[in-house]
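Below is one structure; the comments refer to it alone.
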Amino acid sequence: MSGAPLVRLVGIHKWFDRLHVLKAIDLEIHEGEVVAIIGPSGSGKSTLLRTINMLEEPTEGQVFFWTTDLTDIRTNLNEVRTHMGMVFQQFNLFPHLTATENVALAPLKVLKMSKPDAIGLAHEQLARVGLTDKHTAFPAELSGGQQQRVAIARALAMRPAVMLFDEVTSALDPELVGEVLEVIRQLADDGMTMVVVTHEMTFARDAASRLLFIDEGVILEEGDPAAMLSNPTHERTRAFLRRIL
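All residue numbers for the sequence shown refer to my numbering, where the first residue is 3 and numbers rise by one.
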């Protein structure tokens, strides 16, 4: 793939006390790519994702965003993180704020937008995730799927260069999973650069441009999602897919 990568991880190791969670991870993510990460529980998927925006600091190695070394202590991480949207399993919405207010908060506080502009932007992003009719709803009045879509709109309102999704459907009732995945699919169609940790194999096959299988802190296999899911080359990948498919 031509051009400099948007995100680059070089020789990443992560230890939690004696637990070696990530082992010599090298990864490049280019603009417009949708990279899905799969693997068993405890394999290091979420830690890898959180290392991209330095929510987890690597024990060894470097993380680059464009040409900025995020592991350099002189780097202003808060400034860099404004260009990276992150959506977690839990929605983390402010319960006392409406959907619009939740989405408008960061543009107001961080981007120093005027209130009318921030509210306009919030409405625009809520429309993007299919919640035009929920501007004034509080989180308690929304389903889990709708709350997660507000969380996605909130991340999009910062106009990030890359979106990071950490198993965003795992806390949802099964019938609500589809509406959230549909929003992420639409973002993929719009050309958004994304890294998605997921258990949803159909989504990974249909929406991702590249699939990574991680096990025990090592990227064991990566490639075209459809090819990998139908004919994985590594025995551990085959065993994992047999269990979940």
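Backbone N, C-alpha and C fix where the C-beta goes; we use that ideal spot for every residue, glycine too.
Nearest neighbour of P97 by Cα position, chosen from F90, V105, Q91, turns out to be V105. Secondary structure of F167 (DSSP, three-state): strand.
Taking each of A6, W17, S43 in turn and checking the Cα distance to W68, the smallest one comes out for A6. The distance from the Cβ of V197 to that of K25 is about 19 Å, inconsistent with a contact at the 8 Å cut-off.
G225 places its beta carbon 8 Å or farther from that of G34. Within its own chain, the residues whose Cβ lies closer than 6 Å to the Cβ of F93, once the five positions on either side in sequence are excluded, are Q149, Q150, A153, listed in chain order.
The DSSP assignment places 62-67, 86-89 as complete runs of the beta strand (DSSP E) inside the region 54-132, in order along the chain (cut-off: 3 residues).
Under the criterion of beta carbons closer than 8 Å, A159 and A124 qualify as touching, at roughly 6 Å. When the Cα atoms are used, E218 and G41 turn out to be separated by approximately 9 Å. Beta-bridge partners assigned by DSSP to R212: V37. Beta-bridge partners assigned by DSSP to H236: none are found. Beta-bridge partners assigned by DSSP to G225: L213. Excluding residues up to 5 positions away in sequence, F215, I216, H236, R238, T239 lie with their Cβ nearer than 8 Å to the Cβ of L222 in the same chain. Using a C-beta cut-off of 8 Å, the region 44-59 makes contact with the region 165-176, since at least three inter-stretch Cβ pairs fall below that distance.
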